[in-house]
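Asks:
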Amino acid sequence: MDRTTDPATLVRSLAATTVRVEAVAGRLSAAQLRLSPAPGGWSPNEILWHLRAVAEVYGEHIARIMNEDQPRWRHVSPRARMRKARYDQQPFAESFATFARQRTDLLTLLGSIAPEAWQRVALVRVGEREWRLTLQERVWGMANHEEVHCAQMEEVATALSQPPAV
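Residue numbering for the sequence shown follows numbering that gives the first Met the number 0, beginning at 0 and increasing consecutively.
1) Taking the alpha helix (DSSP H) that residue 157 belongs to, which residues open and close that run?
2) If contacts are defined as beta-carbon pairs under 8 angstroms, then residue 139 and residue 9 qualify, I think. What distance do you get, rounded to the angstrom?
3) Exposed or buried, what is residue 82 when buried is set at 16 or more other beta-carbons lying within 10 Å of its beta-carbon?
4) Where residue 151 and residue 42 are concerned, what is the direct C-alpha to C-alpha distance, given to the nearest angstrom?
5) Could you name the residues of the same chain whose beta carbon sits closer than 6 angstroms to that of residue 124, not counting the 5 residues immediately before and after it, in chain order?
6) Check whether the Cβ atoms of residue 3 and residue 142 sit closer than 9 angstroms, and answer yes or no.
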């Protein structure tokens with residue numbers, strides 16, 4: 000996907016995230032969801048925490064772009080949100096249920112958008128610089144990010160599903 004991907008494709012990609020994460024969860028035990036197959040790698044649970052943090056921050060951005068005329072904000076780190084919200088204290092099933100509910104709400108919002116609204120703009124401050132961000136770019140960033148991490152989670156699940164080497 001690139002920044003010019005049509006909105007319908009972006010929405011379908013966001014909808015596919017919950018299906019892909021749920022498929023991984025169905026392949027692994029609760030214990031395996033907390034394991035990483037490689038030292039320093041992320042477990043499926045840690046990947047979900049990261050997806051949730053980015054989805055929450057970007058979801059807030061999407062809502063602001065939709066509800067405010069040319070909103071402005073300072074960049075917020077999804078990783079800081081993840082640590083502050085203490086997602087690491089939640090079991091996978093609980094965390095995924097929250098993610099899935101939030102995703103349903105986001106998809107409902109995105110499904111109600113008029114075609115011209117995809118070009119609504121926000122101004123985002125990063126350090127001393129301010130840059131323009133359209134709704135379509137924010138949704139693209141979210142979909143693109145989730146594609147990378149869903150593939151990562153699927154690879155981790157495959158590795159964890161393999162019988163131990165003898």
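Built from N, CA and C at the ideal position, the CB exists for glycine as well.
Predicted model, so just to flag it, every value in this text is computed and none were measured.
Replies: This is what the structure gives:
1) 134-160
2) At roughly 6 angstroms, the Cβ-Cβ gap stays under 8 angstroms, so residue 139 and residue 9 are in contact.
3) Per the 10 Å Cβ criterion, exposed.
4) 10 angstroms
5) 73
6) no
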